[in-house]
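First comes the structure, then the notes that go with it.
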Amino acid sequence: MGALIGGIYAAGELDKFEHWVRAVTKIDIVTLLDVSWNKSGLVKGDRIINTLVELVGNQRIEDLPISYTAVAADIKNEKEVWINTGSLFDAIRASISLPLFLPPMYITASSLSMAAS
């Protein structure tokens, strides 16, 4: 959740996000959950990310007014990865994965610039 709130804050859109969150209903939450029958996660996460992109725009990390880094896990190499360039919401999506709920996001170094810690 820190990657999400931090990214929205770094984009200068926290007030817009707060207004949206306060207006979300239980029905809205259900419609944002794109159920997946994949064994790696119950929810795909595409609908919520697309909704957030519509809300604050498809921004690049290096263009944000405040420095931002998302931390994700490279499961294959068992390493922490710091994402500080590329698509803000790709970085957020990679960081907020939860085993069995929100599946991991598979990314390559060419799709996001990453620095291993």
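Here this note's numbering is used: the first residue of the sequence shown is -16, the next is one more, and so on. Every residue, glycine too, gets a C-beta built ideally from N, C-alpha and C.
Cβ neighbours of residue i in the same chain (closer than 8 Å, five flanking residues each side left out)
i: Arg30; result: Thr14, Leu15, Leu16, Asp17
i: Asp(-2); result: none
i: Glu61; result: none
Residues near residue i in its chain [Cβ-Cβ closer than 6 Å; skip 5 each side]
i: Ala(-7); result: Leu47, Ile49, Tyr51
i: Asp57; result: Val64
i: Glu(-4); result: Val39
Sub-8 Å separation of residue i and residue j beta-carbons
i: Arg76; j: Ile10; result: no
i: Ile44; j: Thr68; result: yes
Buried versus exposed call for residue i [16 or more other C-beta atoms within 10 Å across all chains shown]
i: Gly(-15); result: exposed
i: Ile66; result: buried
Neighbourhood of residue i by C-beta distance below 7 Å, restricted to the same chain and skipping five residues each side
i: Glu1; result: none
Could you tell me whether the region -15 to -8 touches the region 47 to 61, where touching means 3 or more Cβ pairs closer than 8 Å? yes
Pair every Cβ in the region 67 to 77 with every Cβ in the region 26 to 40, then say whether three or more of these pairs are closer than 8 Å. yes
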